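Right, one structure below, let's go through it.
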Amino acid sequence: MSIRAVIFDYGMVLTGQPVQAAHEGMVRISGLPVDEFEKHYWADRHAYDEGKLSGVTFWQKFRQETGLALTDQQLDELNHLDARMWTTSDPQMLAWHDQLKARGIKTAILSNMGDSVLEHIEREFAWIHGFDALVWSYQLGMAKPAPEIYRHALEKLGTRAEETLFLDDKQVNIDAARELGIEGLLFTNVDQLRRDLVSLGFDRDLPLPA
1 MSIRAVIFDY
11 GMVLTGQPVQ
21 AAHEGMVRIS
31 GLPVDEFEKH
41 YWADRHAYDE
51 GKLSGVTFWQ
61 KFRQETGLAL
71 TDQQLDELNH
81 LDARMWTTSD
91 PQMLAWHDQL
101 KARGIKTAIL
111 SNMGDSVLEH
121 IEREFAWIHG
131 FDALVWSYQL
141 GMAKPAPEIY
151 RHALEKLGTR
161 AEETLFLDDK
171 QVNIDAAREL
181 GIEGLLFTNV
191 DQLRRDLVSL
201 GFDRDLPLPA
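Residue numbers (UniProt numbering): 1 to 210.
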């Protein structure tokens, strides 16, 4: 069956690397060693992505669990820098998206995403509205790799699993998509994507990224 739609993860697929200066700013405000900051930063990230925490309550919980004497102003700055860190884009992947649309391929973004980060992205990037479907985890109260979120994306696109290609930078999310019959490719970089599309025969239906 031909590929009729491509679903993209946002972070590390449509984006470049996280903004290092924003990350450094968060570590500096916390006063923690980098590895300690990372441990606490990621501890509740899935709950944030699921909408169980907002950007504000995520950082309030960070303050509580680290025991740091951070002011509310500092928490606001951490929330802003967090959003800034993920507001990047990859011109090559955006150009490939345009190639797909020109070929008549449907496109979607399926991303584990918290509210404050998305608000910043929506202010900065008009290009996200060029996709046929946008699926943001916190708005649904569920996140990858939950099967229901993939089914929701397919429903919004109006395509079958076997005619849909999904790109993500995390193997666990690819595995979950494949369990539902969705074609999945682990994304590392554009050159590897091009090779994978050819080796799997997807170049019969899809243009190759330039």
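Glycine included, each C-beta is placed from N, C-alpha and C at the ideal position. The structure displayed is predicted, hence computed values, not measured ones.
Proximity below 8 Å, CB of residue i to CB of residue j
i    : j    : result
L118 : W136 : yes
D175 : S111 : no
N79  : G51  : no
L134 : I109 : yes
T107 : H97  : yes
L157 : A5   : yes
Y150 : A177 : yes
D49  : G114 : yes
H152 : L140 : yes
V190 : P207 : no
L165 : I3   : yes
T66  : H40  : yes
A161 : G184 : no
Which residues DSSP lists as bridging residue i, in chain order
i    : result
G184 : F166
V6   : T107 and L165
W135 : The identity of residue 135 in the sequence shown is Val, whereas the question assumes Trp. Note: V135 sits in a beta bridge opposite L110.
Cutoff 7 Å; reference residue i; Cβ partners in own chain excluding five residues on either side
i    : result
D90  : L14, T15 and G16
L53  : D44, A47 and K61
M85  : P18, V19, A22 and H23
W59  : L75, L78 and N79
E124 : T87
D132 : K106, T107, A108 and L157
Cutoff 8 Å; reference residue i; Cβ partners in own chain excluding five residues on either side
i    : result
I29  : L70, Q74, E77, L78 and L81
D203 : L197
D169 : D9, G11, M12, V13, L186, F187 and T188
E179 : P147
A83  : G55, S116, V117, E119, H120 and I121
Q99  : P207, P209 and A210
A95  : P209 and A210
Simplified DSSP assignment, three categories, for residue i
i    : result
V13  : coil
G25  : helix
L206 : coil
P18  : coil
R160 : coil
L200 : coil
Own chain partners of residue i with C-beta closer than 6 Å, once the 5 adjacent residues on each side are dropped
i    : result
E148 : M142
L68  : none
F37  : V27 and S30
M93  : L14
K144 : N112 and N173
T159 : R4 and A5
M1   : E162 and E163
R103 : P207
Contact with chain D by residue i, beta-carbon distance below 8 Å
i   : result
T71 : Reference to chain D is not applicable here, since this structure consists of a single protein chain.
Cβ-heavy atom distance, residue i to the ligand NAD, below 7 Å
i   : result
W96 : Among the components of this structure there are no ligands whatsoever, and the ligand NAD is therefore not found.
4-residue-minimum alpha helix (DSSP H) runs that sit fully inside the stretch 38-125, ordered along the chain: 45-49, 55-66, 72-85, 91-102 and 115-124
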